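Engineer: Its first residue numbered 3, the sequence shown is counted upward by one per residue in my numbering. Note that beta-carbon positions come from the ideal geometry of N, C-alpha and C, so glycine has one too. Remember, predicted model here, so these are calculated numbers, not experimental data.
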Amino acid sequence: MPHGVTFWTEGGRTVGMGHLSRCVNIARALKTLCVPFNFLVNDEKCVIERLEAEGFEYATAQLTVGSADAVTGNVVVIDTKKELGGLTGALKAAGKRVVAIDNTTASGADSVIVPSAFFRGDGKDGVVGGSDYLIIGENFQRERKRSSENPSLTPFRVLVTMGGADPFNITELVVNALEQISGIEVTVVMGPAFRPSHFLEKFIERKKPAFRFLSNVADMAPLMRSSHIAFTAVGTTVYELAYLGVPSVLISNYPGDESDLRELKDLGVSFVLGYFKDVTAPMIRGAVKGLMKRSTLLEVMSGKAYSLTDGRGASRIAGIIADLAARDFTAGAKGILDEVRHA
Numbered sequence: 003m004p005h006g007v008t009f010w011t012e013g014g015r016t017v018g019m020g021h022l023s024r025c026v027n028i029a030r031a032l033k034t035l036c037v038p039f040n041f042l043v044n045d046e047k048c049v050i051e052r053l054e055a056e057g058f059e060y061a062t063a064q065l066t067v068g069s070a071d072a073v074t075g076n077v078v079v080i081d082t083k084k085e086l087g088g089l090t091g092a093l094k095a096a097g098k099r100v101v102a103i104d105n106t107t108a109s110g111a112d113s114v115i116v117p118s119a120f121f122r123g124d125g126k127d128g129v130v131g132g133s134d135y136l137i138i139g140e141n142f143q144r145e146r147k148r149s150s151e152n153p154s155l156t157p158f159r160v161l162v163t164m165g166g167a168d169p170f171n172i173t174e175l176v177v178n179a180l181e182q183i184s185g186i187e188v189t190v191v192m193g194p195a196f197r198p199s200h201f202l203e204k205f206i207e208r209k210k211p212a213f214r215f216l217s218n219v220a221d222m223a224p225l226m227r228s229s230h231i232a233f234t235a236v237g238t239t240v241y242e243l244a245y246l247g248v249p250s251v252l253i254s255n256y257p258g259d260e261s262d263l264r265e266l267k268d269l270g271v272s273f274v275l276g277y278f279k280d281v282t283a284p285m286i287r288g289a290v291k292g293l294m295k296r297s298t299l300l301e302v303m304s305g306k307a308y309s310l311t312d313g314r315g316a317s318r319i320a321g322i323i324a325d326l327a328a329r330d331f332t333a334g335a336k337g338i339l340d341e342v343r344h345a
């Protein structure tokens, strides 16, 4: 695949599944442009299963400079929180074009894309971002187009989805707090890399009527749209919820998420509780009860969330990648690609 694209990313228990999910959504958009691609990922079961379910070609390699020769495409798209200065340099020296997703350490990259609603860059040095680049899957776009009536607030439907890994078991904290609230229905989604605690396993066995627990969920969009609010962490899920008009209640995994929490609160799409070590059961119950009683606030938050993005970020990013890939094509091949892209 000398003229294709390699997505180089990682997922699993320690890093979550967000990086992989973003790349999968971009790859789906790239597929419509007839640009060949493959994946280079870490060798972890939940990552491999996701790519095999998509039917995407992949190989395994650690995300390090020493594995740079495993990249087969002429364009490499990297999505990771790791420092990328050395790796970007090695790839550029090998004649590759580099696109970094949500990582500004990739000095010398051809393009850096920051899928954040509060990005404030000016587009210089190949760095772009903002709400226009939020990565929303096509399943969420389909779900948003479906007609629906405003759901009654009785019962009040709460979704708990703390990510593909939930490394600090925030799910248990939330479930334990919500057990004492009447008039709610709770759906708890356990991600592919999540390992439930002994407490949570026992809770599930009790089969409480107000709670249902789901795993291996192929499509989160219907679950999100049918919820009034959703507990989640900082990440792509916040924007997926917002796209469907669902306000989020945020509990963060890391102290460094403080600025993101503040920005999301200011956008008016999220109710922020804070860093998980500082969050208590009464705080969780207070947030839910407060939103249950304040239907006007819930409606305002839902409206702000719904208008946050048009959901076409993955297509815009795919266009940037396709343009980079086309630079090394012959003039004839590039013309064919342009015809396909603009058909």
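Taking the Cβ atom as the reference point for each residue, do threonine 238 and isoleucine 137 lie within a distance shorter than 8 Å?
Structural biologist: On the sequence shown, residue 238 is found 236 positions in, with the first residue counted as 1. On the sequence shown, residue 137 is found 135 positions in, with the first residue counted as 1. Contact flag set, yes.
Engineer: Short of 8 Å in beta carbon distance, which residues of its chain neighbour serine 297, apart from the five on each side in sequence? Order them along the chain.
Structural biologist: For this step, residue 297 is matched to residue 295 along the sequence shown. Correct list, in chain order: Leu155.
Engineer: Looking at phenylalanine 273: is its Cβ nearer than 8 Å to the Cβ of valine 251?
Structural biologist: For the purposes of this step, residue 273 is taken as the residue at position 271 of the sequence shown. For the purposes of this step, residue 251 is taken as the residue at position 249 of the sequence shown. Cβ distance < 8 Å, so phenylalanine 273 and valine 251 count as in contact.
Engineer: Going by DSSP, what residue range makes up the alpha helix (DSSP H) through glutamate 51?
Structural biologist: Position 49 of the sequence shown, counted from the first residue, corresponds to residue 51. That run of the alpha helix (DSSP H) goes 47-56.
Engineer: Expressed to the nearest angstrom, what Euclidean distance is found between the alpha-carbon atoms of leucine 42 and arginine 52?
Structural biologist: Mapped onto the sequence shown, residue 42 falls at position 40. Mapped onto the sequence shown, residue 52 falls at position 50. Rounded to the nearest angstrom, the two C-alpha atoms are 13 Å apart.
Engineer: Could you tell me if the beta carbon of glycine 237 falls within a distance shorter than 7 Å of some heavy atom in the ligand FMN?
Structural biologist: In the structure on display, the ligand FMN does not appear, and there are no ligands present to speak of.
Engineer: Tell me the rounded alpha-carbon separation between arginine 314 and tyrosine 135.
Structural biologist: Within the sequence shown, residue 314 is the residue found at index 312, counting from 1. Within the sequence shown, residue 135 is the residue found at index 133, counting from 1. Distance between the alpha carbons of arginine 314 and tyrosine 135 is about 7 Å.
Engineer: Does DSSP put methionine 192 in a helix, in a strand, or in coil?
Structural biologist: Counting from 1 along the sequence shown, the entry for residue 192 is found at position 190. The answer is strand: DSSP assigns methionine 192 an E or B state.
Engineer: If you run the structure through DSSP and keep just helix, strand and coil, what is isoleucine 186?
Structural biologist: Counted from its first residue, the sequence shown places residue 186 at position 184. Three-state DSSP puts isoleucine 186 in a strand.
Engineer: Using the three-state DSSP reduction, which class does glycine 313 fall into: helix, strand or coil?
Structural biologist: Locating residue 313 in the sequence shown gives position 311, counting from the first residue. The answer is coil: DSSP assigns glycine 313 none of H, G, I, E or B.
Engineer: For alanine 72, which option in Asn171, Ala96, Tyr241 has the closest C-alpha, if you only look at C-alpha atoms?
Structural biologist: Within the sequence shown, the letter at position 70 stands for residue 72. Looking at the Cα atoms, Ala96 is the closest of the given residues.
Engineer: Cα separation between valine 77 and lysine 204?
Structural biologist: By 1-based counting over the sequence shown, the position of residue 77 is 75. By 1-based counting over the sequence shown, the position of residue 204 is 202. Roughly 48 Å between the two C-alpha positions.
Engineer: Got a sec, what are the start and stop residues for the alpha helix (DSSP H) isoleucine 286 sits in?
Structural biologist: For this step, residue 286 is matched to residue 284 along the sequence shown. Unbroken alpha helix (DSSP H) run through isoleucine 286: 283-295.
Engineer: Using alpha carbons as the reference points, say which of Lys98, Arg264, Trp10 lies closest to threonine 62.
Structural biologist: Indexing the sequence shown from 1 puts residue 62 at position 60. Residue Trp10 is the option with its Cα nearest to threonine 62.
Engineer: Ignore the nearest five residues each way along the sequence and tell me which others in glutamate 174's own chain have a CB closer than 7 Å to its CB.
Structural biologist: For the purposes of this step, residue 174 is identified with residue 172 of the sequence shown, where counting begins at 1. Once the five neighbours on either side are set aside, the close Cβ partners of glutamate 174 are Ser199, Phe201, Leu202.
Engineer: Could you pull the DSSP bridge partners for asparagine 40 from this structure?
Structural biologist: Taking the sequence shown and counting its residues from 1, one reaches residue 40 at position 38. Paired residues: Thr8.
Engineer: Hey, serine 254 and leucine 243 are a contact pair by Cβ (cut 8 Å); roughly how many whole angstroms apart?
Structural biologist: For the purposes of this step, residue 254 is taken as residue 252 along the sequence shown, with counting starting at 1. For the purposes of this step, residue 243 is taken as residue 241 along the sequence shown, with counting starting at 1. Contact doesn't hold; Cβ gap of about 15 Å is too wide.
Engineer: Here's a check: name, in chain order, each residue in its chain whose Cβ is nearer than 6 Å to the Cβ of serine 75, leaving out the five neighbours to either side.
Structural biologist: Position 73 of the sequence shown, counting from 1, holds the residue named residue 75. Here residue 75 is glycine; the residue named in the question, serine, does not match the sequence. Once the five neighbours on either side are set aside, the close Cβ partners of glycine 75 are Met3, Gly6, Val7, Thr8.
Engineer: Please report the straight-line C-alpha distance between glycine 334 and alanine 324, rounded to a whole angstrom.
Structural biologist: Along the sequence shown, read from residue 1 onward, the residue named residue 334 stands at position 332. Along the sequence shown, read from residue 1 onward, the residue named residue 324 stands at position 322. Because the pLDDT of glycine 334 is 43, which lies under 50, any placement of that residue in the model is unreliable, and the question is left without a value.
Engineer: From the DSSP output, which residues share a beta bridge with threonine 163?
Structural biologist: In the sequence shown, residue 163 corresponds to position 161, counting from 1. Answer by DSSP bridge pairing, in chain order: Val191.
Engineer: Give me the Cα-Cα distance between proline 157 and glycine 185, rounded to the nearest whole angstrom.
Structural biologist: The residue given as residue 157 occupies position 155 in the sequence shown. The residue given as residue 185 occupies position 183 in the sequence shown. Going from the Cα of proline 157 to the Cα of glycine 185 covers about 5 Å.
Engineer: Which of the three DSSP states, helix, strand or coil, is assigned to aspartate 325?
Structural biologist: In the sequence shown, counting from the first residue as 1, residue 325 sits at position 323. Residue state, collapsed to three classes: helix.
Engineer: With glycine 131 and serine 118 assumed to form a contact (beta carbons below 8 Å), what rounded beta-carbon distance in angstroms separates them?
Structural biologist: Stepping through the sequence shown from its first residue, residue 131 is reached at position 129. Stepping through the sequence shown from its first residue, residue 118 is reached at position 116. At roughly 6 Å, the Cβ-Cβ gap stays under 8 Å, so glycine 131 and serine 118 are in contact.
Engineer: Please state whether the Cβ-Cβ distance between glycine 247 and alanine 316 is less than 8 Å.
Structural biologist: Position 245 of the sequence shown, counting from 1, holds the residue named residue 247. Position 314 of the sequence shown, counting from 1, holds the residue named residue 316. No.
Engineer: Report the rounded CA-to-CA distance for threonine 311 versus arginine 197, giving the unit in angstroms.
Structural biologist: Residue mapping note: residue 311 aligns to position 309 of the sequence shown, counting from 1. Residue mapping note: residue 197 aligns to position 195 of the sequence shown, counting from 1. One C-alpha to the other measures close to 33 Å.
Engineer: State the DSSP-derived secondary structure class of valine 114, mapped to helix, strand or coil.
Structural biologist: Within the sequence shown, numbered from 1, the residue matching residue 114 stands at position 112. Note: valine 114 maps to strand in three-state DSSP.
Engineer: Which residues in the same chain have their Cβ closer than 7 Å to the Cβ of alanine 212, if we skip the five residues on either side of it in sequence?
Structural biologist: Against the sequence shown, residue 212 aligns to sequence position 210. Excluding sequence neighbours, alanine 212 sits near Ile186, Glu187, Val188.
Engineer: Determine, using beta carbons only, whether threonine 82 and leucine 65 come nearer to each other than 8 Å.
Structural biologist: As a working note, residue 82 is residue 80 in the sequence shown. As a working note, residue 65 is residue 63 in the sequence shown. Yes, they are a contact pair.
Engineer: Judging by CA-CA distance, which residue of Arg159, Val236, Ala102, Val100 is the nearest neighbour of glycine 165?
Structural biologist: Stepping through the sequence shown from its first residue, residue 165 is reached at position 163. Selected option, being the one with the closest Cα: Val236.
Engineer: Can you tell me which of the three DSSP states valine 129 falls into?
Structural biologist: Counting from one through the sequence shown, the residue named residue 129 turns up at place 127. Valine 129 falls in the strand class under three-state DSSP.
Engineer: Kindly indicate which three-state DSSP category leucine 136 falls into: helix, strand or coil?
Structural biologist: As a first step, residue 136 must be located in the sequence shown, where it is residue number 134. Here leucine 136 sits in coil by DSSP.
Engineer: Taking DSSP as the reference, what is the three-state secondary structure of glycine 123?
Structural biologist: Counting from one through the sequence shown, the residue named residue 123 turns up at place 121. Three-state DSSP puts glycine 123 in coil, outside helix and strand.
Engineer: Quick one, which of Gly258, Asn44, Cys36 has its alpha-carbon nearest histidine 21's?
Structural biologist: Here residue 21 is taken as the residue at index 19 of the sequence shown, counted from 1. The option with the nearest alpha carbon to histidine 21 is Asn44.
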